[in-house]
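A short write-up of the structure that comes next.
2 protein chains.
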Amino acid sequence: MSRTTDFKKEEIIEKAMQVFWEKGYDQTSLKDLIDATGLLKGSLYNTFGSKEKLFLECLEYYGQFSRSRHYKDGDPVLYLKKFFKRLIEEGVDRDFRKGCLIMNSCLEFANQENALAKKAQTLFAATELNLKNVAELACAQQNKNSEKLKTNLITAAFSIREISKFRKDKKFLTQIANRALEDFGVQL
Amino acid sequence: MSRTTDFKKEEIIEKAMQVFWEKGYDQTSLKDLIDATGLLKGSLYNTFGSKEKLFLECLEYYGQFSRSRHYKDGDPVLYLKKFFKRLIEEGVDRDFRKGCLIMNSCLEFANQENALAKKAQTLFAATELNLKNVAELACAQQNKNSEKLKTNLITAAFSIREISKFRKDKKFLTQIANRALEDFGVQL
DNA sequence: AAATTTCTTGACCAATCGGTCAAAATAGAT
DNA sequence: ATCTATTTTGACCGATTGGTCAAGAAATTT
């Protein structure tokens, strides 16, 4: 009865997200999105409505990706070790300066109060909740107060992600992680 | 023998710096700079040559401002307490979402390797050196290894500055500071 | 007061920004 | 094969980007 799209929406979101992740929202132009997705301006607007709405879908997509790496089961302390090990590995990679799209967006929209800022902060809260859950499980094993430990974890994760953008210093980044991990009696 | 400028260069740099500090380099347009300084485009280019060169002068100016708050003498631990107290006070201020221009610039130019990125990282190193010096003095008093403590200090300062942009949570920010200060046997 | 040098001004530049839209192309239902 | 709903396409929009430049204004030296 009518023509169908030549592309899969999710594939477009995935490609657009990569550009937004690398360059940030404002620094990503429509031309960038066109080049990355292979769609033309009209199709892009026909499908997503605006650059802002497309970004929201990309944020949500990244949120799914992020949640897929949240703690599910197993040893919570081991999860934390693997978690920080990965952050550092990505952090020292010279080709990886993108950080975390959620944190990037929280910072980029910090002095705004629009849908983008709100969405970014909601996703940040989810990331935080993940670490909070892990911290509580680990603390239950060790009979400790988890509130400060939770702050330490999210702060360490944030710091490693952001500082590693401009400082590819494994020792430095590992010290940050170890400072949070020592609460749980382990080190990298 | 010739006409003199109607303005003082330093006053222009100060005003331009405020805009760059609030909005970042790329998000600051020439119109913003014109509005903030009161100069017209021609005068701006006649005086500074380009937006980039103007920004470099602003960065240097901020660097002086930053250095003016570095440790000079007195009790190093007391300096640290005041240092973090101020960071948190500014951090919870709803009208203060600018963070630190040096850290902002390190992040903004993280995936570039131009004069701007270089300059920002050089200034970051100076900030770091300040905290390192203080840490060593304080450690000498207390017979401790200062290397990890130095990392903790700069990481805490960075985290408070950045996280406070989008999270005006005094308790949270204080926990970050206290985590670094506990090494020196004090708390906020 | 005149001469000289510099600063100030505003018009102008090409390029790009996010976004719109009418016409052409096309896939599916009949 | 035809009809129809939808997508694709590329031209076009006004606004803004960073930057240039010639002409006019003005301050200082002589």
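Those sequence lines, one after another, are chains U and F.
FYI, the numbering used here numbers position 19 of the first sequence as 22, with every residue one higher than the one before it.
FYI, the numbering used here numbers position 10 of the second sequence as 13, with every residue one higher than the one before it.
Ideal Cβ placement from N, Cα and C applies to all residues, glycine included.
Item, Value
"Given this structure, state the Cα-to-Cα distance separating residue 176 (chain U) from residue 129 (chain F), to the nearest angstrom.", "19 Å"
"Using the Cβ count rule (16 or more neighbours within 10 Å means buried), how would you classify residue 155 (chain U)?", "buried"
"Roughly how many angstroms lie between the CA atoms of residue 76 (chain F) and residue 137 (chain F), to the nearest whole one?", "10 Å"
"Answer yes or no: do residue 20 (chain U) and residue 48 (chain U) have a C-beta to C-beta separation smaller than 7 Å?", "no"
"If you drop the 5 nearest sequence neighbours on each side, which residues of the same chain put their C-beta closer than 8 Å to that of residue 113 (chain F)?", "120"
"Taking the straight line between their C-alpha atoms, what separation do you get for residue 8 (chain F) and residue 105 (chain U)?", "46 Å"
"Taking Cβ positions, are residue 55 (chain F) and residue 16 (chain F) nearer each other than 7 Å?", "no"
"Put residue 53 (chain F) into one of helix, strand or coil per three-state DSSP.", "coil"
"Find the residues of chain U that neighbour residue 109 (chain F), judging by a C-beta separation of less than 7 Å, and give them in chain order.", "169"
"Give the DSSP-derived three-state secondary structure of residue 162 (chain F) in the structure shown.", "helix"
"Taking Cβ positions only, does residue 105 (chain F) come closer than 7 Å to chain U?", "no"
"In chain order, what residues of the same chain lie with their CB nearer than 6 Å to the CB of residue 79 (chain U), ignoring the 5 residues before and after it?", "137, 140, 141"
"Could you please give the first and the last residue of the uninterrupted alpha helix (DSSP H) stretch that includes residue 38 (chain F)?", "33–40"
"With a threshold of 7 Å between beta-carbons, can residue 114 (chain F) be considered close to chain U, or not?", "yes"
"Starting from the C-beta of residue 88 (chain F), find all residues in its chain whose C-beta is less than 7 Å away, skip the five residues before and the five after it, and write them out in chain order.", "191"
"Would you please verify whether the beta carbon of residue 151 (chain U) is less than 7 Å from any beta carbon of chain F?", "yes"
"Pick from F:145, F:109, F:146, F:152: whose alpha carbon is nearest that of residue 169 (chain U)?", "F:109"
"Going straight from the alpha carbon of residue 165 (chain F) to that of residue 84 (chain U), what length do you get?", "25 Å"
"How close, in whole Å, do the beta carbons of residue 90 (chain F) and residue 37 (chain F) come, if the pair is a contact with beta carbons under 8 Å?", "That belief does not hold up - the Cβ atoms of residue 90 (chain F) and residue 37 (chain F) are roughly 32 Å apart, past 8 Å."
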